[in-house]
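**Q**
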């Protein structure tokens, strides 16, 4: 029962219609690790600068997240992103990106990280994802990517896909990767790249879909009237998904379906407050309660129809 | 067990990336009636011109749809719509609209139509919808509408909503009607207009959601690799939904949830071929098979999570 993630650890500054924050703990690696820590033992491979303080380390500590593989650069600053969301929170604008120590990030997995049963390659340069995957002995490896890499180095993205078990991306990325507007045709093309056991497509407020060799599974999103900050929702979903799988003895279709729901549940908490605030103080009973609510809101009975009169 | 629909009966001309048709039987009333005829006895209130031939009447006859309340205007032509879909079938362009006999359409429900247990007001002028509703003794009345009426006569749309039990619209219309981008807040505002027992929000390839006073239910769409013609999908959904409800002794939450799935199933067949072609030759066993497939592709087990180690 262990899981390693390689990805960004960052500071975010945000403006949303509901408020403004100048410095929030963020980054894909952070959101993923925090979410998955509710299900399994997690290690993070990443890099931070000298501006990373005890307040930030404490968030990791509180959730027993192992940070031995987070490199600390004494004369550098942590990756910083400033963004703004419109009233329609689906529309995000990047106002500022300072890569800082992340620009020359070279992951250095320890033996313990290499021995993790599961590995998640968050959105970083595809060549680095491939290196980390190839140094790892993990049984089940999943990856994310983004439009920027698909645009600028699609071949490298595809070479990385070939060495993982699962791809977790959003629907626009799936369409772009497959160059195909129909999401089911796009999924088929991505599954045919080779080696994949599963493809998870995240659709934001519309839910998520799981494609495996023999099955298709789809769920809606958890209904939320108040979304405060969508930053990190995708990584929190991936953290719930991979964290839950890490807790299961067998990674089969049934476990992956439950993992999809746990991912959905974790992401729904993440967006309720800024940054990591909500997930940081989450409890297992809140998670199980929302899973149970989700079961109810998707439940219907199968009763075959018989026409009483002639049709 | 009976259902009446008031709505357009039309000819459509279509161009899609998959082909072109010059004259297809179409219209909201037609798609709705055809779909619901698999579940209940249906009557259509509408109007056609002298260009409506036996070939068209035969489609209604084959499905035992009562057409006594379809007025035939001897010196007029049937409502005609010409449209074009882009490669991404979500993008539709209207190339030509000839309202013809539909322009001065004045619904004249017979006693039999007024005595229907259920009534569906397809997308026509909201004042006409209200008139038909007020002349009807139906127990359960649902309505559709469109962006054009919400834009140009929102008050009239709202007055009609006040006298029906259920609104069935797409998500862009719901956001527009409530002037609210969050779909859950929008739904709450629409439910508060008064009198509504249910609000169904259709989300195309993303599925559909059902809002009732005490519950929320959401389902994904049925997965389709080949969508040929999305025209009429919404009305076919509504036909499956209302037709199934008409077949049930009690219209409760459980029946409405199954009706959502039957609506989804019917719509999924409709888009597989042009116009009414696919639904016209559909069988009950195909419908039940797809319902059963849908149950499988949304199924997951609820197993509360317990962390083995400390979190």
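Chains as they are written, first to last, in the numbering used here: chain A, 2 to 312; chain B, 2 to 312. Glycine residues also receive a C-beta, built at the ideal position from the N, C-alpha and C atoms.
1) Nearest by alpha-carbon distance to residue 69 of chain A: which of A:47, A:60 and A:94 is it?
2) How many Å lie between residue 133 of chain B and residue 112 of chain B at the Cα?
3) Counting only C-beta atoms, is residue 207 of chain B closer than 8 Å to chain A at any point?
4) In chain B, what lies closer than 9 Å to residue 225 of chain A by C-beta?
5) Using a Cβ-Cβ cutoff of 7 Å, what residues of the region 291-307 of chain A are near chain B? List them in chain order.
6) Within 8 Å of any Cβ in chain A, is that where the Cβ of residue 194 of chain B sits?
7) What are the residues of the region 245-272 of chain A that lie near chain B, defined by any Cβ-Cβ distance shorter than 9 Å?
8) Would you kindly report the start and end of the unbroken alpha helix (DSSP H) that includes residue 60 of chain A?
9) Leaving aside the five residues before and after residue 220 of chain B along the sequence, list all residues of the same chain whose C-beta is less than 7 Å from its C-beta, in chain order.
10) Would you check if the distance between the CB atom of residue 175 of chain B and the CB atom of residue 191 of chain B is smaller than 8 Å?
11) Measuring alpha carbon to alpha carbon, tell me which residue in B:224, B:243 and B:233 is nearest residue 278 of chain B.
12) If I follow the unbroken alpha helix (DSSP H) through residue 269 of chain B, where does it start and stop?
13) By Cβ distance, which residues of its chain are closer than 6 Å to residue 85 of chain A, with the 5 residues on each side in sequence left out?
14) Figure out for me which residue from A:43, A:44, A:75 and A:41 has the closest Cα to the Cα of residue 53 of chain A.
15) Over what stretch of residues does the beta strand (DSSP E) that includes residue 95 of chain B continue unbroken?
16) Starting from residue 89 of chain A, find everything on chain B with Cβ-Cβ shorter than 8 Å and list it in chain order.
17) If we define contact as Cβ-Cβ less than 8 Å, is residue 217 of chain A a contact residue for chain B?
18) Looking at the unbroken alpha helix (DSSP H) that takes in residue 80 of chain A, where does it start and where does it end?
19) Given 8 Å as the limit, is there contact between the region 290-309 of chain A and the region 286-300 of chain B, that is, 3 or more CB pairs closer than that?
20) Run down chain A in chain order and give the residues with a C-beta less than 7 Å from the C-beta of residue 204 of chain B.
21) Check residue 287 of chain A in the structure and name its three-state DSSP category.
22) Going straight from the alpha carbon of residue 102 of chain A to that of residue 67 of chain A, what length do you get?
23) Over what stretch of residues does the alpha helix (DSSP H) that includes residue 313 of chain B continue unbroken?
24) Does any residue of chain B bring its CB to less than 8 Å from the CB of residue 103 of chain A?
25) Is the Cβ-Cβ distance between residue 248 of chain A and residue 41 of chain A less than 8 Å?
26) If we cut at 8 Å on Cβ distances, does residue 312 of chain B have a partner in chain A?
27) Which chain A residues are close to residue 289 of chain B, counting only those with a beta carbon under 7 Å from its beta carbon?
28) Would you please verify whether the beta carbon of residue 40 of chain B is less than 8 Å from any beta carbon of chain A?
29) Of all the CB atoms in chain A, is at least one closer than 8 Å to the CB of residue 32 of chain B?
30) Entirely within the region 102-135 of chain A and at least 4 residues each: give me those alpha helix (DSSP H) ranges in chain order.
31) Residue 50 of chain A to residue 38 of chain A, Cα distance in whole Å?
**A** Let me spell this out:
1) A:47
2) 12 Å
3) yes
4) 183 and 185
5) 292, 293, 296, 298, 299, 301, 302, 303, 304, 305 and 306
6) no
7) 245, 248, 255, 258, 259, 261, 262 and 263
8) 55-63
9) 208, 209, 261, 262, 265 and 299
10) yes
11) B:233
12) 254-271
13) 16, 94 and 96
14) A:75
15) 93-99
16) 182
17) yes
18) No alpha helix (DSSP H) contains residue 80 of chain A, which is instead part of the beta strand (DSSP E) from 80-86.
19) yes
20) 207
21) helix
22) 20 Å
23) Residue coverage of chain B in this structure runs from 2 to 312, which leaves residue 313 of chain B outside it and unanswerable.
24) no
25) yes
26) Legend: pLDDT at residue 312 of chain B = 43, less than 50; position of this residue unreliable, no value from coordinates given.
27) 305 and 306
28) yes
29) no
30) 112-115
31) 23 Å
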